[in-house]
Every structure is written in structure tokens, then in C-alpha cells.
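Asks: Would you mind keeping the following structure in view while I ask a few things?
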Amino acid sequence: MRPATAGNIPARLIALATLGLVLLMGPLIGLLIRMPWTRLLGDVGDAGTAVRVSVFVSVSATAVAAGLGVPLGWVLARGRFRARAVLRAVILLPIVLPPVVSGVALLASLGRSGPIGSVLGELFGLTLPFTMAGAVVAAAFVALPFVALVSEAGFQGLDRNLEDVAATLGAGPWRRFRRIALPQALPALGAGLVLGWARAIGEFGATITFAGNLSGRTQTLPLAIFFELERDPEAAFSLSLVLVLVSLGVLFTARRAWSR
Amino acid sequence: MLSCHIAAIRNGFSLSVGFDLTTEEVVAVVGPNGAGKTTLLRVLAGLDPVQAGSVVVDDEVWEDPGRRIRLAPEQRRVGYVPQAALLFPHLDVRHNVAFGLDRHQAQAADAWLDRLGLEPLADAMPHELSGGQAQLVAFARAQVRRPRLLLLDEPLASVDAANRTAIRRVIRRELRDSPGYRVLVTHDPLEAAALADRVVVLDEGRVTQIGSVDDLRSRPRSRYVAELVGMNFFSGHASAGAITLDTGATLVSAEVPDGPALASVHPRAVSLYFERPAGSPRNVWLGTISTIEPSLEQVRVHVTGPIDVVAEVTRAGAAAFSEGEPVWVAVKASEVTGYPQ
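Taken in sequence, the protein lines are chains A and B. Residues in the first sequence are numbered consecutively from 145, following my numbering. Residues in the second sequence are numbered consecutively from -8, following my numbering.
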């Protein structure tokens, strides 16, 4: 790659790009300026419950999204069927859908009287709305597309000839996936998981619609921040900083891991 | 007996071939780029489907779309050594070789590494290997399963010239020692001659000739084969020992049956003179030297004229010739191998 030189970027684009950067960085800088540094630790300590719920919900949701999204990515990458474009659009839907609509859709289908929810309740005595499991489902719902699409791209980038060779060595479809494709796609899958996790930890709309705002069960950090904003804005600033730092930390470690 | 009579269509390219082979012989499939050689190997391995015909190995039907039979690659006992070795990049050499084995047979992998002199590389990763080493590992990986059908795609293409002889010797030895059917693909006639007993010539998806390397050399059936084995090639109509070529010129052969005929002449049997030669040669004409093409020991002199021909002379002899000059060409009738079309 040749080094970037300012000379081949037009001045007006540089101006617009700078404006974009200000739009991105300004609010973060504002947050830092308003930050009540002296009470930071105390505020974070008070929000321990919400932090714990957020960690548990986001990690569980990422695990669910990985377990279902990687197979979806494989089906998209290697399946030979006409409905692939339709399937891809369906998988993309939660990304473009307003999160509150996702929450309403989850409530309609998985709620007590919903077509799936009523069956789950009758057969397994399982209720999802306004439970921690429900918060996990909501976060997994919005995280799944990222995992699926990034996995698909990762699998598409593999040399299929290697899978062909594995087939001639007696490896059936499962072994080809497990022993050849999966290990080679790990960096891409890692990127997909990080994206999915980032989406899950930031989840707000679908969670509050489907799982509510129950402290210790469904109140995640974003929900806590939102409700703290009315009671005690400075506490909301402290908690926001925590989310910013955690997200930055994960982004950087993940980048280093997959750009190796 | 392995019988392969198939028609396969893939991306608009149609492959239609038929041949049988036994475990007694190593078969080389030779042809220009795009002739369908790799597709043929992939069909035999079960990686590409066929539209018609069948592949039958030892009375076991591997593929027959008419009877809706198709064994997946993993159900066929094949060993496939692809052109670029295609080792699994995330596994070391030992685990690459052991990939096709059950866990309790894993020591067979070590035996093969030993046999091919690869044991010092057992813990190396594929990206640390040279082209030749990678080729041998890919070969061991295929052989470790004792396949009924061994398929080699351009086994020496990714091997640098310095190691080619050594790798070719190992592959030749291993091919001889393999008990099953053996098919290799190559575009290099020298490789075919070194490794195979019989050659299947493939061009544009069709078999144009099947025979031993000697057959191909003395009786090429197409200009492509003639050029492949470095022979002069002519076609025409024979009558009483004289072949009237398609260009109108006549070539006398000591023995050729009447009727549509082909003829081959070894370039070394073509003599060049500055003066019209006296004496016995039956075919003599005046031509013009078009190209002088030196190689390591011999020089190939291309002469245009009533009959275009290539003569092979020594480097010392070639020093007297220069391009664009007239030259007398003589070929004895006994050196013209004529055979029916």
C-alpha cells in the first residue's frame, strides 16, 4: 500500500470529513467534560447490578447468536438453493428494523398469548417476556444478523478446493465444516462475534419492549443509564463512560486479534 | 478394470470421454490448457457430476446418472493430489497426512512420512515447505488411505526446476508401487513419458488419441500430438507409395497403404544441404529457413517451402545456417512413416 498523501484528497472533502469526525467525537468529548470524576467509582459501584445483568445478558446473547448465526452463515455460503437471496434479506431484517419494532414482534410471537410463546408455556412452563431469558432473546435477536452475515463473508473467502480435497480423503460434510472450514474462518467468526456482542451490549429498544426494566433481571446498563438520566444525570454520565471504555477496549483487543 | 465413459457439461464446456484402464498401467492424460484434464480428474474423484455415462471401478458403480447412482467423493476410495498441493494451512505436516485416517490408524501417517523422507518436516506448517516438499506431503496424504484410484494433477507443476528430477523420481517409484488404478494429468510430454505407460490425449473435451508414448511418437493422429512429441506431421491421400498432401505436394513413403493417410517424420531424419544433394533420397525440395530455434543440444530449423518441415541438427551444424536463406531439404522414403487416417 502506498502512503496516504494529503495531496490527492480535495480540500472540500477534507473539510466534510473533518465535520464528520467532529460529529462523531464531539459528544464523547462533551461527555468527558461533564464527567463527575470524583463520584465516578461510587456511581459505578451503585450500578453493579445493572453491570452484572448487562454482562450476563450480552455474553449469553452472543453465545446464542454464535450457536445459530455461524450455521446460518455456512448455509448461506455453501447452500445451493434459489431462496438464498430471500433468506439473506430475512436475516438482514433485524438490522434495519427499529429495535422497538423488533421488541413488539418478539412480544407478539413469544409473549404469553403469542403463537410460539403459548406453546413454550404449555410444554415447558417457559415464560420469556419480562424475564432475564427474555432479555437474552431480545439481545440475541438483534445480534444474530451480524454474526450470520460476517460468518458468511468469512466462509465465502475460504478456498473451496480444500474442502474438496478433504472430501476425497473421506471427510463427510460435518467433518469438512468442523475440521477444515471452521478453523480457517476463526478470525472472521471472531469479528462477527465482537460485532454481535457490541450490538447486544448496546441493546435498548427491543429489550425494554419485550423484557421490561426490572432491576436485577432485565435492567441492563443502557436501560439503567436512561432511567438514571431523569433521577441523577451525573450518575448517567459515569455509567455512559463505563460503556464507552468497555466498548473501546473490546474493539481494540478484537482488532488486534483478527488483524494478526 | 476401471471404465470411464462419461459426458459432463460444466459452465458451457463439454467433456465427452471414454477409456478403460487396468491396474497394470499408469495412465497420463495429456492435453493443452482448457482441454478438460482437471475436469476429468474431478469427475473421477466425484467432485463434479456427469450428465451421462458411467464410472465403474471393479464392478462397483461409482456414478451412473441413468440409474441415479452417484457416490460422493468421501464414499469413493480415491486419492487426489491436486495441482497446487492444497495442504490444509492450519494443520502441520503430520496432521495433514493423517487427515484421512481414523484415530487408531494414525501411525500409518508416520510410516508414510518416513517412506518419503519427510519425517524431519513432520511438525512443520505448510507455509514453511518448498513446492516439492508440499507436493510430496500431498502425495503422502492421498496414499496413506491406500486408494483404489490415485489421481495426480500436474504433479510437478509447482516444483522448481532444481528439485524436479528428484521429486519425479520419487513419484515415479511410488506410482510403480501403488497397487490400484493410477491416472495423472500433465501438459508436459516428457513427464508423461517418464511417469506413464499409456497416454490419453485430450483436446477440447474429446479424446483424440490413446496409446503408448512410442505409439504417439511414431503415429501421431493430430497436429497437436505431433507437436507435443516433436514430430513432423502430414496428412493427405496415398497411392502406390506416394502421399499427395493436402497442400498439393508429394511425399514418398517406403510403406504406406493406399487411401487417406497420415505420415510422420522425425526431425533428425530431415537433412539440410546448401547444394542439391546427389544420390538416393526420394524426397528432395528447395525451401527457405524461417526460424532457427536452439535448445540445449540440438537446434530445430524450421523450413518453409512446398512442404513445411522441421529439421533437427547439431549446434555445430546449425552455425552454417541463417534465417531467410534458401536450403535444400532431403528425406529418405524409409524415414517417412505412413499410416492410414
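All residues carry an ideal CB built from backbone N, CA and C; glycine is no exception.
1) Among the candidates B:W103, B:R163 and B:K323, whose CA atom is the shortest distance from the CA of S271 (chain B)?
2) Assign N152 (chain A) to one of two classes, buried (16 or more other C-beta atoms within 10 Å of its C-beta) or exposed (fewer than that).
3) Against chain B, does G314 (chain A) count as a neighbour if the rule is that its beta carbon must be under 8 Å from one of theirs?
4) Specify the secondary structure class of E372 (chain A) as computed by DSSP and reduced to three states.
5) Rounded to a whole number of angstroms, what is the C-alpha to C-alpha distance between L330 (chain A) and A310 (chain A)?
6) With burial defined as no fewer than 16 other Cβ atoms inside 10 Å of the residue's Cβ, what is the status of A287 (chain A): buried or exposed?
7) For the region 227 to 236 of chain B and the region 305 to 318 of chain B, state whether three or more C-beta atom pairs, one from each stretch, are separated by less than 8 Å.
8) Using only the heavy atoms of the ligand ZN, determine whether one of them is closer than 7 Å to the beta carbon of L176 (chain A).
9) Compare the C-alpha of T328 (chain B) against each of B:V247, B:A310, B:E288 and B:S281 and name the closest.
10) Which residues, in order along the region 295 to 312 of chain A, keep a beta-carbon less than 8 Å from a beta-carbon of chain B?
11) Using beta carbons (cut-off 8 Å, strictly below), is P56 (chain B) in contact with chain A?
12) Short of 7 Å Cβ to Cβ, which residues in the region 31 to 55 of chain B face chain A?
13) 8 Å is my cut-off, CB to CB: does E145 (chain B) come that close to chain C?
14) Based on Cα-Cα distance, which residue from A:R156, A:R323, A:V199 and A:T162 lies nearest to H81 (chain B)?
15) Tell me which residues of the region 158 to 183 of chain B have at least one Cβ-Cβ distance to chain A shorter than 9 Å, keeping chain order.
16) Looking at G123 (chain B) and V88 (chain B), is the spacing between their C-beta atoms short of 8 Å?
17) Quick check: what's the CA-CA separation for P211 (chain B) versus R320 (chain A)?
18) What are the partner residues of W319 (chain B), as DSSP defines its beta bridges?
19) For V208 (chain A), which residues of its own chain have a beta-carbon under 6 Å away from its beta-carbon, when the five flanking residues on both sides are left out?
20) Count the other CB atoms, across all protein chains shown, that sit within 10 Å of the CB of Q332 (chain B); report buried if there are 16 or more and exposed otherwise.
21) Using alpha carbons as the reference points, say which of A:T206, A:F299, A:G192 and A:M276 lies closest to A332 (chain A).
22) Please return the same chain residues whose Cβ sits closer than 7 Å to the Cβ of F274 (chain A), not counting the five positions on each side in sequence.
23) Kindly confirm or deny that the region 59 to 66 of chain B and the region 135 to 143 of chain B touch, where touching means at least three C-beta pairs closer than 8 Å.
24) Checking 8 Å against the spacing of the C-beta atoms, do V301 (chain B) and P258 (chain B) come in under that value?
25) When the Cα of S244 (chain B) is compared with those of B:R163, B:A321 and B:G57, which residue comes out closest?
26) Return yes when the Cβ of Y172 (chain B) is within less than 8 Å of the Cβ of L(-7) (chain B), no when it is not.
27) I'd like the ranges of any alpha helix (DSSP H) spanning at least 4 consecutive residues and lying wholly in the region 157 to 217 of chain A.
28) Tell me P80 (chain B)'s beta-bridge partners as DSSP assigns them.
29) Kindly indicate which three-state DSSP category H178 (chain B) falls into: helix, strand or coil?
30) Select from B:G196, B:A217 and B:E195 the residue whose C-alpha is nearest the C-alpha of D205 (chain B).
31) Which residue marks the beginning of the beta strand (DSSP E) containing L242 (chain B), and which one marks its end?
32) Determine which residues of the region 324 to 345 of chain A have a Cβ less than 7 Å from any Cβ of chain B, and write them out in chain order.
33) Taking all protein chains shown into account, decide if D114 (chain B) is buried (16 or more other Cβ within 10 angstroms of its Cβ) or exposed.
34) Once the 5 residues before and after V41 (chain B) are set aside, which same chain residues still bring their CB inside 8 Å of it?
35) Put A113 (chain B) into one of helix, strand or coil per three-state DSSP.
36) Are the Cβ atoms of F4 (chain B) and G196 (chain B) separated by less than 8 Å?
Replies: Looking at the coordinates:
1) A check of alpha carbon separations from S271 (chain B) across B:W103, B:R163 and B:K323 identifies B:K323 as the nearest.
2) The Cβ neighbour count for N152 (chain A), taken over all protein chains shown within 10 Å, is under 16; the residue is labelled exposed.
3) Yes, G314 (chain A) counts as interfacial toward chain B.
4) Here DSSP, grouped into helix, strand and coil, assigns E372 (chain A) to helix.
5) Between the alpha carbons of L330 (chain A) and A310 (chain A) lies a gap of roughly 18 Å.
6) Answer is buried; the Cβ neighbour count reaches 16.
7) Because the criterion of three Cβ pairs below 8 Å is not met, the region 227 to 236 of chain B and the region 305 to 318 of chain B do not touch.
8) With respect to the ligand ZN, the structure offers nothing, as it holds no ligand at all.
9) For T328 (chain B), the nearest C-alpha among the options comes from B:V247.
10) Hits within the stretch, in order: D303, N305, L306, D308, V309, A310, A311 and T312.
11) For P56 (chain B), not one C-beta of chain A is nearer than 8 Å to its own C-beta.
12) Residues of the region 31 to 55 of chain B with a Cβ closer than 7 Å to any Cβ of chain A, in chain order: A36 and L38.
13) In the displayed structure, chain C is absent; the protein chains listed are A and B.
14) The residue with the shortest Cα to Cα distance from H81 (chain B) is A:R323.
15) Cβ contacts with chain A come from no residue of the region 158 to 183 of chain B.
16) With contacts defined as CB atoms closer than 8 Å, V88 (chain B) and G123 (chain B) fail to qualify as a contacting pair.
17) If you draw a straight line from the Cα of P211 (chain B) to the Cα of R320 (chain A), it comes to about 44 Å.
18) According to DSSP, which records beta bridges pairwise, W319 (chain B) is partnered with B:Y264 and B:L277.
19) Within the same chain, Cβ atoms closer than 6 Å to the Cβ of V208 (chain A) are found at A284, the five residues on either side in sequence being excluded.
20) It is exposed - the Cβ of Q332 (chain B) has fewer than 16 other Cβ atoms within 10 Å.
21) Taking only the C-alpha atoms, the option nearest A332 (chain A) is A:F299.
22) Contacts found: A355, G356, L358 and T362.
23) Not touching, per the Cβ criterion.
24) Less than 8 Å separates the beta-carbon of V301 (chain B) from that of P258 (chain B).
25) Measuring from the Cα of S244 (chain B), the nearest candidate turns out to be B:A321.
26) Yes, the pair counts as a contact, with Cβ atoms nearer than the cut-off.
27) Segments of the alpha helix (DSSP H) lying fully in the region 157 to 217 of chain A: 184 to 190.
28) P80 (chain B) pairs with nothing; no bridge assigned.
29) DSSP, read as helix, strand or coil, puts H178 (chain B) in coil.
30) Relative to D205 (chain B), the option among B:G196, B:A217 and B:E195 whose CA is nearest is B:A217.
31) Following the DSSP letters along the chain, one finds L242 (chain B) inside the beta strand (DSSP E) bounded by residues T241 to V243.
32) If you check each beta-carbon in the region 324 to 345 of chain A against every beta-carbon of chain B, the ones closer than 7 Å belong to I324, P327 and Q328.
33) So D114 (chain B) counts as exposed.
34) Only I(-3), A(-2), A(-1), V34, E54 and P56 meet the Cβ criterion.
35) Assigned with DSSP and collapsed to three states, A113 (chain B) falls in coil, not helix or strand.
36) Against a cut-off of 8 Å, the Cβ pair of G196 (chain B) and F4 (chain B) comes out as a contact.
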